[in-house]
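Chains as they are written, first to last, in the numbering used here: chain A, 1 to 751; chain B, 1001 to 1313.
Report on the following structure.
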Amino acid sequence: MPDLLLELFSEEIPARMQRRAAEDLKKLVTDALVERGFLYEGAKAFATPRRLALQVAGLPVKGQDVREERKGPRVGSPDAAIQGFLKGAGLSSIEQAKIESDPKKGEFYVAVIERPGRSTPDVLAEILPGIVKTFPWPKSMRWGTASREPGSLRWVRPLHSIICTFGPETEDPEVVRFEVDGIVSGDVTKGHRFLAPGEIRVKRFDDYAPALERARVVIDADRRKDMILHDAKDLAFAQGLELVEDEGLLEEVAGLVEWPVVLMGSFDEAFLDIPPEVIRTTIRANQKCFVLRDSGTGRLANRFLLTSNLIAADGGKTIVGGNERVVRARLSDAKFFWETDQKVKLEDRLEKLKSIVFHEKLGTQYERVERIAALARELAPMVGADPELAERGARLAKADLVTEMVGEFPELQGLMGRYYATLQGEHDSVAAAVEEHYKPLGPSDRVPTDPVSVAVALADKLDTLVGFWAIDEKPTGSKDPYALRRAALGVIRLVLENNLKLSLTSLLAKPFARTANAALFADFLKAKELVEAIEQSPFAPVVEHPSVAELAAIFRQRQIVEGETLARLMHARALDLLAFFADRLKVYLRDQGARHDLIDAVFSLEGQDDLLMIVRRVEALGRFLDTEDGRNLLAGYRRAANILRIEEKKDGRSYGETPDLQIVNDQGQIEEKALAVVLDGAKREAASAVEAEDFEGAMRALSRLRQPVDAFFDKVTVNAEDPGLRANRLRLLNDIREATRTVADFSRIEG
Amino acid sequence: MTSEPAHMNPARSFQGLILTLQRYWAEQGCVILQPYDMEVGAGTFHPATTLRALGPKPWRAAYAQPSRRPKDGRYGENPNRLQHYYQFQVILKPNPPNLQELYLGSLKAIGIDTSVHDIRFVEDDWESPTLGAWGLGWECWCDGMEVSQFTYFQQVAGFECSPVAGELTYGLERLAMYLQGVESIYDLNFNGLDGDRKVTYGDVFLQAEQEYSRHNFEYADTEMLFRHFRDAEAACRQYLEAGEPKPGSNDNRHLMALPAYDQCIKASHVFNLLDARGVISVTERQSYILRVRELAKACGAAWLKTEGGGLAA
């Protein structure tokens, strides 16, 4: 079966876009083929800095023939009808139609339309220009003379040529001709920019790949990565060193070369005084080079590995020399920063934070640090941290933002703070908190465990969340410029993975009051004046950090309408923030594999604001429903709820009252007496188990309901003739519903 | 370049480097311009780039442009940083299809042999918020060092470039340091001569770096500068208005796009000085950049109504 070879040859494609582009090309072409009924055996896509290539193997030579019969008018119909039929079916005379008959309609014409399958190259020539023109590059551009005209071709960088051939292995394939904005497809490409710049004529993928290989182009990015990794390890090993592996960097450098040649350079040992992370970041970010460590001591070595795109005439001497020059200059800068930064203590840098605006409405970094420090201190006892250390950690946490090093390498924020904190003799936990308060940065990032770090990390994230909620800048759809979802997930993971029992409401109350008042009210000049007026009032001691409710009360008391309105607005935003947390927790639990219906069942209970307890409850509920008792109780619950729903609707009233035990005892059957007794006990037992946070115990208590509930439905007719008895039985059913509500809202459970 | 005398060799002469690039690009049909006679932050500000990039008319130019970055001054103490340095700027509109090859040819002309040097085109998209301009391209690396910027202009002064121009910017001092193998800018041989007759970059510019760093960071008169900013902004608007085609007239050309644009350049440089003096807060910064951009956009719009901008006379 024949193969398709497609190559799009351009100027240098950004490394970060290559892999995705190759995948997109494969998908777009194969989808378009399949959509037209062309199946294939396999497809592979490749990318280098200068080309995207695609092989689709095992395509048919042409598409399926299509035979269609179209019914026409009756024989003897008026000429207009006959002509219309001929036109529609593409026939030139009625002799070309055959005549069929059926008992109802009599004799009528039938046109047989046979469409032979179209040749694959024709279809390719039709599909491909559109794919090229609408290719989903993250950023694309216009160029050259063609860009005079509106709507000219866009590509990631100028596109120079296209190869498109199609044919079987045994014969010479044909060039699939098409044109995109003046570029005509052919069978010619070019090799490596410097090592083999000449033109290469190719037939099909089987000779394309080796021809390029001879022309010093490795089309497969994974093979380039393997070559780099292999050579890098060999070079390192020969020097008794070990490569510090870096997958992201490897992927990037593989996208910067068509023919990788790894070379080793070195730098002055004196630079090793700089923290290894700094050396690595400098060399990686600016030079895209790997660093090495001593295989014995594990310490960073004064060597680096660069990946060049050239088999150099001088064996790479010039290239290494040039790279060493640049590395030396970069490390000199880093060393200068490292030494200069140590001359100023972190706490003396705080003043400078006053000039860094965190957000227009949320003040400067300095003000933010003040808030975080106060909050970290308040949180400390709840997470088992020393309040002094937590406050200190928070106070120093952002100081490294104004160091030279972090100014140059923002990605070293936190880490540099830790180094400088340690050097100036801070407590280990304080130094650790300075680094770790940013964590966790994503779902796979490590969660800090040192209580001081936990306090500062929580304070940092809560302040951010509360602040942006207070000024109504919450994430919408895919837009989350302040990474607030990540911050909320961070809080959730900090709490859960450290087994912290905390009420969200109380966690958020104070920072909310503090930020909300400052931020929101500063938004409205009038209100700001009001707050100031209040602060100077006899109420001042009460309102040091007034809660929103307190503030509202004060405004009301003083009959300040604007203030009261604002306080109410804040209240709504506070509730919204809680709902956001609930939402993020659901997402988190779902990602962890929890059933979404069980999460809903727990969330729909009132006052769920302890993250750890919610999770424990969901877990216990899941385990309970996996048991036979659990499943049967759920069935019993549903039966009760169904009957209730129907009867309550019919009667136009609810049966929420407690069942009358007198009626049960006097008129009830033995099964309903038993149910009433067990219900009463189970309800109380479950409630007190929940109180003691023993969710397993609560489920156990409920499981005792299963047998009496089953027996009740088995033997007792709910809709008794005696209206009093009937009503009381409905109340009993309601009681089953109530009992289950001690652990979850069973109505939300699915399956 | 074997026919050149030794003192013109780009590998030993800073001015030899400039002259070689000029000659090379002259051969590619560029007009060789002299630096624009105003203080600019980058070669792109020269009207030969900013304004000529707009409109349909073909254009090829090259020139060295002294560029001022007041904030980058280091009192002459840092071997790699200057508040005044040279860029060599090339613009070709529309970009020829072989612009990359032409660029590599220019490297060859200044003595960078691609059989031993590793030349790479590394993604670097360019954006100038003050000029309302952006483009896609690369930083060009030679043995791990960035030696040029290569950009296909997509938009300038808020207008789509039609056709697109290719822009090349060489950082001359850095390139010369590599070619000459020196570690400090100030050690660059300026005139390529030896002994008594040798003039270094330091001889020419060290004192200026020291004096201007003092000026930029400590003494530049901020009250005056604020005033100059307002004046330049007002003048720019005033000239733009005065140059507008008169209603009812047959002549629909704008008559003063270039003088107005000078005021935009001026505002931009004054802003950079104020920024270096540290008297512009983070929030104000944005609004100043926006104000300059508005001027640049208005000048671009005016330019498109001139003959140079493609308006049929």
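The C-beta atom is built at its ideal place from N, Cα and C for all residues, glycine as well.
> Taking the beta strand (DSSP E) that V1154 (chain B) falls in, what are its first and last residues?
Replying inline: Position 154 of the second sequence, counted from the start, is the residue given in the question as residue 1154 (chain B). The residue you asked about is not Val; residue 1154 (chain B) is Gln in the sequence shown. Counting along the chain, the beta strand (DSSP E) containing Q1154 (chain B) begins and ends at 1145-1156.
> Between R493 (chain A) and the rest of its own chain, which residues show a CB-CB distance below 7 Å, the 5 nearest in sequence each way excluded?
Replying inline: Your numbering for residue 493 (chain A) matches position 493 in the first sequence. Around R493 (chain A): P440, V447.
>> Does chain B have any CB closer than 8 Å to the CB of V602 (chain A)?
In response: Position 602 of the first sequence holds residue 602 (chain A). Judged by the 8 Å Cβ criterion, V602 (chain A) is not in contact with chain B.
> Counting Cβ pairs, one atom from each stretch, are 3 or more of them under 8 Å apart for the segment 154-166 of chain A and the segment 181-191 of chain A?
Replying inline: yes
> Which residues mark the beginning and the end of the beta strand (DSSP E) in which E264 (chain A) is found?
Replying inline: Looking up residue 264 (chain A) in the first sequence gives position 264. Correcting the residue identity first, residue 264 (chain A) is Met in this sequence and not Glu. Segment 261-266, the beta strand (DSSP E) holding M264 (chain A).
>> Going by C-alpha to C-alpha distance, which of A:G315, A:L331, A:L39 sits closest to M276 (chain A)?
In response: Walking along the first sequence from the start, residue 276 (chain A) turns up at place 276. Rather than Met, the amino acid found at residue 276 (chain A) in this sequence is Pro. When each option's Cα is compared against that of P276 (chain A), the closest is A:L331.
> In the segment 138-219 of chain A, which residue ranges form an unbroken beta strand (DSSP E) of at least 3 residues, counting only runs that do not cross its ends?
Replying inline: 159-167, 188-190, 199-201
> From B:L1311, B:D1231, B:S1148, B:E1211, pick the residue whose C-alpha is nearest to that of L1295 (chain B); which is it?
Replying inline: As a working note, residue 1295 (chain B) is residue 295 in the second sequence. L1295 (chain B) has its Cα closest to that of B:D1231, out of B:L1311, B:D1231, B:S1148, B:E1211.
>> With three or more C-beta pairs closer than 8 Å as the rule, is the segment 1203-1214 of chain B touching the segment 1071-1083 of chain B?
In response: yes
> Quick one, are the C-beta atoms of L310 (chain A) and F194 (chain A) less than 8 Å apart?
Replying inline: For this step, residue 310 (chain A) is matched to residue 310 along the first sequence. For this step, residue 194 (chain A) is matched to residue 194 along the first sequence. Contact flag set, yes.
> Any C-beta of chain B sitting closer than 8 Å to the C-beta of Q287 (chain A)?
Replying inline: The residue given as residue 287 (chain A) occupies position 287 in the first sequence. So yes, Q287 (chain A) belongs to the interface.
> Can you tell me whether G1300 (chain B) is buried or exposed, with buried defined as 16 or more other CB within 10 angstroms of its CB?
Replying inline: Working through the second sequence from its first residue, we reach residue 1300 (chain B) at position 300. Result: buried.
> Can you find a CB in chain B that lies within less than 8 Å of the CB of M141 (chain A)?
Replying inline: Walking along the first sequence from the start, residue 141 (chain A) turns up at place 141. Output row for M141 (chain A): interface = yes.
>> With DSSP as the reference, identify every bridge partner of M1142 (chain B), one or two as the case may be.
In response: Residue mapping note: residue 1142 (chain B) aligns to position 142 of the second sequence, counting from 1. Note that residue 1142 (chain B) corresponds to Cys in the displayed sequence, not to Met. Beta-bridge pairing links C1142 (chain B) to B:I1119, B:M1145.
>> Rounded to whole angstroms, what is the Cα-Cα separation between L396 (chain A) and E411 (chain A)?
In response: As a position in the first sequence, residue 396 (chain A) is number 396, starting the count at 1. As a position in the first sequence, residue 411 (chain A) is number 411, starting the count at 1. Distance between the alpha carbons of L396 (chain A) and E411 (chain A): 17 Å.
> To the nearest angstrom, how far is it from the Cα of G407 (chain A) to the Cα of K345 (chain A)?
Replying inline: In the first sequence, residue 407 (chain A) corresponds to position 407, counting from 1. In the first sequence, residue 345 (chain A) corresponds to position 345, counting from 1. Roughly 16 Å separates the two Cα atoms.
> If you follow the alpha helix (DSSP H) that F1205 (chain B) is part of, which residue opens it and which one closes it?
Replying inline: The sequence position of residue 1205 (chain B) within the second sequence is 205, counting from 1. Start and end: 1201-1214.
>> Taking only three categories from DSSP, how would you classify Q1065 (chain B)?
In response: As a first step, residue 1065 (chain B) must be located in the second sequence, where it is residue number 65. Here Q1065 (chain B) sits in strand by DSSP.
> Should the segment 668-676 of chain A be regarded as contacting the segment 704-718 of chain A, the criterion being three or more beta carbon pairs within less than 8 Å?
Replying inline: yes
> Are the C-beta of F1121 (chain B) and some C-beta of chain A separated by less than 8 Å?
Replying inline: Here residue 1121 (chain B) refers to the residue found at position 121 of the second sequence. For F1121 (chain B), the answer is yes, since a Cβ of chain A falls inside 8 Å of its Cβ.
> Per DSSP, L679 (chain A) forms a beta bridge with which residues?
Replying inline: The count along the first sequence starts at 1 and reaches residue 679 (chain A) at position 679. In DSSP, L679 (chain A) forms no bridge with anything.
> How would you list, in chain order, the residues of chain B whose beta-carbon sits under 7 Å from the beta-carbon of A161 (chain A)?
Replying inline: Translated into the one-based positions of the first sequence, residue 161 (chain A) becomes position 161. For the record, residue 161 (chain A) in the displayed sequence is Ser; it is not Ala. Residues of chain B passing the Cβ test: none, with the nearest at roughly 11 Å.
>> Closest to R299 (chain A) by C-alpha separation, out of A:D273, A:G322, A:R216, A:I283, would be which residue?
In response: As a first step, residue 299 (chain A) is located in the first sequence; it is residue number 299 there, counting from the start. When only C-alpha atoms are compared, the closest one is A:D273.
> From K649 (chain A) to N642 (chain A), what does the alpha carbon distance come to, in whole angstroms?
Replying inline: By one-based count along the first sequence, residue 649 (chain A) stands at place 649. By one-based count along the first sequence, residue 642 (chain A) stands at place 642. Spanning the two alpha carbons is a distance of roughly 11 Å.
> Which value, in whole angstroms, describes the spacing of the CA atoms of H1228 (chain B) and V1270 (chain B)?
Replying inline: By 1-based counting over the second sequence, the position of residue 1228 (chain B) is 228. By 1-based counting over the second sequence, the position of residue 1270 (chain B) is 270. Taking the straight line joining both Cα atoms gives about 7 Å.
> Just checking my contact of I292 (chain A) with A236 (chain A) at CB under 8 Å: how many whole Å lie between their CB atoms?
Replying inline: Against the first sequence, residue 292 (chain A) aligns to sequence position 292. Against the first sequence, residue 236 (chain A) aligns to sequence position 236. Checking the sequence shown, residue 292 (chain A) turns out to be Leu, not Ile. Contact holds; Cβ gap of about 5 Å.
> Would G1181 (chain B) be called buried (16 or more neighbouring beta carbons within 10 Å of its own) or exposed?
Replying inline: Translated into the one-based positions of the second sequence, residue 1181 (chain B) becomes position 181. Counting Cβ neighbours within 10 Å, G1181 (chain B) comes out exposed, since fewer than 16 surround it.
> Between the C-alpha atoms of R392 (chain A) and V430 (chain A), what's the straight-line distance to the nearest angstrom?
Replying inline: Taking the first residue of the first sequence as position 1, residue 392 (chain A) is located at position 392. Taking the first residue of the first sequence as position 1, residue 430 (chain A) is located at position 430. Computed Cα separation, rounded: 7 Å.
> What residues from chain A crowd round A1114 (chain B), counting only those whose CB sits closer than 9 Å?
Replying inline: Translated into the one-based positions of the second sequence, residue 1114 (chain B) becomes position 114. A small fix is needed here, since residue 1114 (chain B) is Thr in this sequence, not Ala. Here the neighbours are R193, F194, L310.
> So, is V491 (chain A) buried or exposed, given that buried needs 16 or more other C-beta atoms within 10 angstroms?
Replying inline: Here residue 491 (chain A) corresponds to residue number 491 of the first sequence, with the count starting at 1. Under this definition V491 (chain A) is a buried residue.
> Is any beta-carbon of chain A found at less than 8 Å from that of M1001 (chain B)?
Replying inline: By one-based count along the second sequence, residue 1001 (chain B) stands at place 1. With a pLDDT of 46 at M1001 (chain B), under the threshold of 50, the predicted position of this residue should be treated as unreliable, though the coordinate-derived value follows. No, because no Cβ of chain A sits closer than 8 Å to the Cβ of M1001 (chain B).
>> For chain B, check one thing: does any of its Cβ atoms lie closer than 8 Å to the Cβ of D294 (chain A)?
In response: Locating residue 294 (chain A) in the first sequence gives position 294, counting from the first residue. No, because no Cβ of chain B sits closer than 8 Å to the Cβ of D294 (chain A).
>> Residues in the same chain with beta-carbon distance under 6 Å from I1091 (chain B), minus the five sequence neighbours each way, listed in chain order, please.
In response: One-based indexing of the second sequence puts residue 1091 (chain B) at position 91. Only T1049, A1061, A1165, E1167 meet the Cβ criterion.
>> Using only CA atoms, which one of A:G37, A:T464, A:M382, A:V369 lies nearest to N499 (chain A)?
In response: On the first sequence, residue 499 (chain A) is found 499 positions in, with the first residue counted as 1. Checking every option, the nearest Cα to that of N499 (chain A) belongs to A:M382.
> What is the rounded straight-line gap between the Cα of Q96 (chain A) and the Cα of G72 (chain A)?
Replying inline: Stepping through the first sequence from its first residue, residue 96 (chain A) is reached at position 96. Stepping through the first sequence from its first residue, residue 72 (chain A) is reached at position 72. So the two alpha carbons sit approximately 12 Å from each other.
>> Short of 9 Å Cβ to Cβ, which residues in the segment 11-43 of chain A face chain B?
In response: E11, E12, I13, P14, A15, R16, M17
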